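Here the structure is laid out as structure tokens; the discussion comes afterwards.
Numbering (my numbering), first residue to last: -1 to 229.
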């Protein structure tokens, strides 16, 4: 048995992340993240949401999400903590559907009456010109943003070297990344040499990249895998 909340908090603080950064990356509200770390599970919506939040938050920190879900199940579900199933309200649902059907019917009747009035007014109004044709609105699709590696400096920052593809690939970034500095490199496969992993946060193809907390770290990252690599 281990403490779910303390281990999550230690992992987050070790990586230099605050609640707002975790909320932005995981889409989990900051108050729910704090509730997970404090093990105040009664604050969260339900058992299903709790397990989903546990898995997403722990995996974002580079931890084993299933391990945290299993620990939660063993400590709380067996004790009856799981939310009881909600009572069925089938008659009320049917009543609401009937009301919605009547509203749709009334709306259609109103549209038909308005159309008839327009036709009569045009036919007997003494005008030979046809009714104006509604303008056709075309929706322009916004081009998809290019996929690539996004990184931002945290805390004191760190020295960083980024190569495309592998350790022998071309250098696309090299230098000291200060706190708040942001960079974006187009591509999907990169080799990274990081002096202080806690001084930088990466996202590849829109997904956070979890890094081991080792100094002078060298890793190879792709959209599906992050692996330690040699020089």
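Glycine included, every Cβ here is placed at the ideal spot set by N, Cα and C.
If you're wondering where the values come from, they're calculated on a predicted model, not measured in any experiment.
query: Taking the alpha carbon of residue 169 as the reference point, which residue from 111, 72, 189 has its own alpha carbon closest?; result: 189
query: I want to know whether the stretch 11 to 22 touches the stretch 184 to 200 - three or more CB-CB distances under 8 Å.; result: yes
query: Measuring straight from C-alpha to C-alpha, what distance separates residue 74 and residue 45?; result: 9 Å
query: Comparing alpha-carbon positions, which option in 144, 50, 182 lies nearest residue 160?; result: 182
query: Looking at the structure shown, is residue 13 part of a helix, part of a strand, or coil, going by DSSP?; result: coil
query: Helix, strand or coil: which one does DSSP assign to residue 145?; result: coil
query: Less than 6 Å between C-beta atoms, sequence neighbours within five positions excluded: which residues of the same chain meet that for residue 150?; result: 180, 199
query: Start and end of the beta strand (DSSP E) containing residue 186?; result: Unbroken run through residue 186: none, as it is neither H nor E.
query: Would you report the Cα separation of residue 154 and residue 211, rounded to the nearest angstrom?; result: 15 Å
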